[in-house]
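Written out below as structure tokens is the structure these notes cover.
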Amino acid sequence: MRSRDADHPEIDILENAGPSRQAMRHGVSNNVYFHHVQDGLNVTSNKTTSSTALILDLCKGNTDTPELLSLTAVLPVVPSSLGSLETQLRTLLEYSRYLSDILITYPAALQSQIRRSMLSVLASGGHSAHVEMSLSTWPSGTDEATAVFHVAQQAATTHVLLLGSDGLETFDDRTKEILLLLEPFSTMMPLGPRGLIGNACVTPSETPQKADYLLPPFLLPTSLLPLEYFPAYTWKTLGERMSQTQPGLAGGLVVGSSNSSSAGCSQTVTSISEEVLPDIPMLADDYSLQPVESLGTTILNDTCVAEYDRIPLSGTFMLLLDSTADLRSFSSAACRLQTDGHEITTVVRSSESDLVGRGDFDVDDWHVPRVDISVITNDRPHSLERLLTSLSSARYFGDALNLRVNMEQTADPETLQVVNVFRWNYGQVFLHRRVIHGGLLPAVVESWYPHSNNSYGLILEDDVEVSPLFYAWIKMALLRYRYGQQEDRSSQLFGISLYQQKNLELRPDGRHPFNARNAFAAVGIANPNTPYLSQIPCSWGAVYFPEHWKEFHSYLSFRLSEYAWDTDQVVIPGARSNKWTRSWKKYFIELVYLRGYIMLYPNFDDYVSLSTNHLEIGSHVKNMSTEAYLRKKRMFLLPLMELPSPEQASGLLDLPNGRLPSWSSLPSLDLLGLPVDEKAMIQRGLARKAELTGCDEWVAERGIPSHDVWDLLCDSDQLFHHKFREGSTGQ
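Residue numbers (my numbering): 2 to 732.
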């Protein structure tokens, strides 16, 4: 349940949510980490190499620029802290410059009181309107530390603040500012006022001090959160993990005012000293070590995953392997260990040559792009269930993806039930339902809006189904053409299609069959199996880029307002889309034509695709005879790329030389499916723009424009722009 008010934060009630999978920062599978080994630390210092000097160097300033920082606070609530919850929330909201999310976790019995406290805080006002607050219950028998760690894995911000049930009330202002990113300390390591060396508390001071591990509250980069959570001794185990990944820097840094409360540290030391750590069993030699042919049916395909909430913990293993060949040889034993209830973390040493397309992108960019999935549905529950099942069955290689389900006002009860029982294990789920029927155009256009230029929207109508490898295709293409070498990037690329074109739909005489491989072979292209660029936007499974989607929003507002052109103005001479009256694609096609934009399309044999459309009855498919319907469906239904068998390589690598080509090697097609180079498409759009606006001089002076729609329209009236934007947003 989500509540939004113009003057208040949002509230998400995440009831009985399934476990969320935290993005793995160095991995490709649930419990298998590929750690890229580099020499030294990511720190440059010309000073002495003592640990104190190194720590002080790290603490000179944030490694992220302020505009890139974002923070999630995780606050546990227990019966003894319920009375102070409102005060704790107001304190967090008071320091909310970088705070974007507050995740509150608690035993289920406290839910009604917590909701009342939250509503009281919201009603009081006087705080930031951009902070989202989410509620999540923890299972019976779960301790506070495990609950906090588990909920923290939902964080989609750059940093996470792990709080105790006492919040920040016992700390002075400076310590609060440090924990909420307002004080210029290093954000590369866990940082907080409570820490221990052995069983002794470290007294906080203005000079950072090393600790074996920290106790809440402490701040750390979200990228440092391991995938797995620790069922016992959470903070001590996390500190040990930090010291393994940050050589020489221990488990965290203690920093804060000497006036900060250390009572929480002392109490925790007492409780830990009374506990007895379980024995960690040695690796027995009675497991099969016979080599397997491939990882395809073992660890990498998620078939060997221990259910930590069902199988009692009987020992923890970390497998340190020197190569993927060693992993293949040992995978049977690893699976057996997991089956027997052991917690397994596997680290595989890899070199740059092990990374597919490593030379095409910077490995540091692996986790920069964030893909949001947006599903549009109305009254096709079986279609929706099929789509959601295919999304849940896909491989995400440790990445976290948030999913939004956008329901029309007329959604039927069965559709609502499908949504209510759906569980998404790869990120957060947001539900939206219109209160007034809007139709497909606003349903699609308003389903997603980027929050940064590293935010990408995968837009899926409910009659689409995706391949298990669809995200691999997206990730490959983003890293190559958005984050790769400068010569492989182009501001003209507006998205990535999952669907293969089987028909050309924009020619004035109707649809024409299309086979990209045959077309490229006919014109002598050396590698007819190459992916290609097309001006046609895909509506049956595609990722749209942030700059272009923002511009499209502005362009659509302009077109529907009839500010300069009537809605029936022909923008593209001879295009079949001119006759479409209720399609968002009509207007996106216009923008593409005027700008010379292009989309990346896959081109696999026999139309094998990363998505397909089942062409079910809906807004654009009306009732027809069975024979006519089946004939039309065959025109658009495509085979989905399947997961490879153990003996096969992935079909995704059916590419020229087994990799995505350079940008200059990609063929490009215009709206009619005819070969044309990128410059010619841009010039064609500029010429049509000059005809429509009469601004030849503007075109000649500016050349290739930015993603500003007013630049596209040759309108420099800034006062009108402001009034237009106010009108288009309803303010």
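Just so it is clear, CB atoms sit at the ideal spot from N, CA and C, and this is done for glycine as well.
Minimum C-alpha distance to residue i - residue among the options
i, options, result
"Asp-327", "Phe-605, Ala-522, Val-349", "Val-349"
"Leu-1", "Arg-175, Pro-222, Gly-84", "Outside the shown range of the chain, which is 2 to 732, sits residue 1, and nothing can be said about it."
"Arg-689", "Pro-662, Asn-604, Asp-712, Tyr-594", "Tyr-594"
"Leu-534", "Asp-363, Asp-678, His-383", "Asp-678"
"Trp-236", "Ser-135, Ser-206, Leu-163", "Leu-163"
"Gly-542", "Tyr-107, Tyr-556, Ile-374", "Ile-374"
"Gly-652", "His-615, Glu-409, Phe-605", "Phe-605"
"Arg-334", "Phe-318, Ser-324, Asp-323", "What sits at residue 334 in the sequence shown is Ala, not Arg. The shortest C-alpha separation from Ala-334 is found at Phe-318."
"Lys-551", "His-708, Val-149, Asp-144", "His-708"
"Pro-209", "His-368, Leu-216, Gly-196", "Gly-196"
"Ser-393", "Pro-469, Tyr-500, Arg-405", "Pro-469"
"Ser-135", "Ile-103, Thr-346, Ser-113", "Ile-103"
"Leu-321", "Arg-337, Gln-339, Thr-346, Ala-395", "Thr-346"
"Tyr-500", "Thr-73, Thr-92, Glu-462", "Glu-462"
"Val-395", "Asn-407, Tyr-427, His-368", "The sequence as given places Ala at residue 395; Val does not occur at that position. The residue with the shortest Cα to Cα distance from Ala-395 is Tyr-427."
"Glu-506", "Trp-449, Lys-587, Val-149, Arg-490", "Lys-587"
"Thr-411", "Tyr-397, Gln-429, His-433", "His-433"
Range covered by the beta strand (DSSP E) that runs through residue i
i, result
"Ser-612", "612-614"
"Phe-150", "Unbroken run through Phe-150 is the alpha helix (DSSP H), 145-153; no beta strand (DSSP E)."
"Tyr-588", "That residue, Tyr-588, is in no beta strand (DSSP E); its alpha helix (DSSP H) goes 585-596."
"Ile-437", "Neither: Ile-437 is in no beta strand (DSSP E) and is coded neither H nor E."
"His-160", "160-163"
"Pro-77", "72-77"
"Arg-371", "371-378"
"Gln-418", "Note, Gln-418: premise wrong, no beta strand (DSSP E); alpha helix (DSSP H) at 414-422."
"Phe-219", "219-222"
"Leu-561", "Unbroken run through Leu-561 is the alpha helix (DSSP H), 547-562; no beta strand (DSSP E)."
Start and end residues, alpha helix (DSSP H) containing residue i
i, result
"Ala-688", "679-694"
"Ile-475", "471-482"
"Pro-382", "382-393"
"Ile-526", "Here Ile-526 belongs to no alpha helix (DSSP H), and DSSP marks it neither H nor E."
"Leu-111", "Run containing Leu-111: none; DSSP gives neither H nor E here."
"Glu-184", "From DSSP, Glu-184 is part of no alpha helix (DSSP H); its letter is neither H nor E."
"Val-132", "Note, Val-132: premise wrong, no alpha helix (DSSP H); not H, not E."
"Tyr-397", "No alpha helix (DSSP H) contains Tyr-397, which DSSP labels as neither H nor E."
"Arg-91", "86-95"
Euclidean distance between Cα positions of residue i and residue j
i, j, result
"Thr-627", "Ala-522", "36 Å"
"Met-636", "Phe-331", "47 Å"
"Ser-453", "Leu-182", "20 Å"
"Ile-115", "Leu-86", "8 Å"
"Asp-464", "Leu-385", "7 Å"
"Arg-536", "Ala-681", "The residue you asked about is not Arg; residue 536 is Gln in the sequence shown. So the two alpha carbons sit approximately 12 Å from each other."
"Thr-298", "Asp-671", "In this prediction, Thr-298 has a pLDDT of 34, which is less than 50 and means its spatial position is unreliable; what the coordinates show is noted afterwards. Distance between the alpha carbons of Thr-298 and Asp-671 is about 42 Å."
"Trp-585", "Tyr-556", "11 Å"
"Trp-425", "Glu-447", "22 Å"
"Asp-40", "Ala-157", "With a pLDDT of 31 at Asp-40, under the threshold of 50, the modelled position of this residue cannot be trusted, and the question is left open."
"Arg-371", "Leu-480", "12 Å"
"His-160", "Glu-95", "18 Å"
"Cys-715", "Val-572", "15 Å"
"Leu-296", "Lys-177", "Caution applies to Leu-296, whose pLDDT of 36 falls short of 50 and renders its modelled position unreliable; the value that the coordinates give is listed next. For Leu-296 and Lys-177, the distance between alpha carbons rounds to 47 Å."
"Arg-329", "Val-376", "38 Å"
"Lys-633", "His-343", "52 Å"
"Val-218", "Ala-565", "The sequence given here places Pro at residue 218; Val does not occur at that position. Roughly 56 Å between the two C-alpha positions."
"Pro-227", "Asp-400", "12 Å"
"Glu-591", "Trp-581", "12 Å"
"Met-243", "Leu-225", "8 Å"
"Glu-702", "Leu-254", "Low confidence applies to Glu-702: its pLDDT is 48, below 50, so where it sits in the model is not reliable, and the reading given next is rough at best. Spanning the two alpha carbons is a distance of roughly 55 Å."
"Phe-398", "Phe-471", "12 Å"
Assumed close pair residue i, residue j - CB separation to whole angstroms, cut-off 8 Å
i, j, result
"Leu-83", "Gly-168", "About 12 Å separates the two Cβ atoms, so there is no contact after all."
"Pro-657", "Thr-568", "Rounded, the Cβ-Cβ distance is 43 Å, inconsistent with contact."
"Glu-170", "Thr-88", "6 Å"
"Asn-614", "Leu-641", "Contact flag wrong, Cβ pair sits at about 11 Å."
"Val-524", "Pro-676", "6 Å"
"Tyr-608", "Lys-503", "6 Å"
"Trp-664", "Tyr-484", "Their Cβ separation, rounded to whole angstroms, is 13 Å, which puts Trp-664 and Tyr-484 out of contact at 8 Å."
Sub-8 Å separation of residue i and residue j beta-carbons
i, j, result
"Leu-601", "Ala-478", "yes"
"Ser-456", "Pro-538", "no"
"Gly-252", "Asp-213", "yes"
"Pro-194", "Gly-257", "yes"
"Ile-599", "Tyr-545", "no"
"Gly-686", "Arg-560", "no"
"Phe-423", "Leu-389", "yes"
"Val-132", "Ser-97", "yes"
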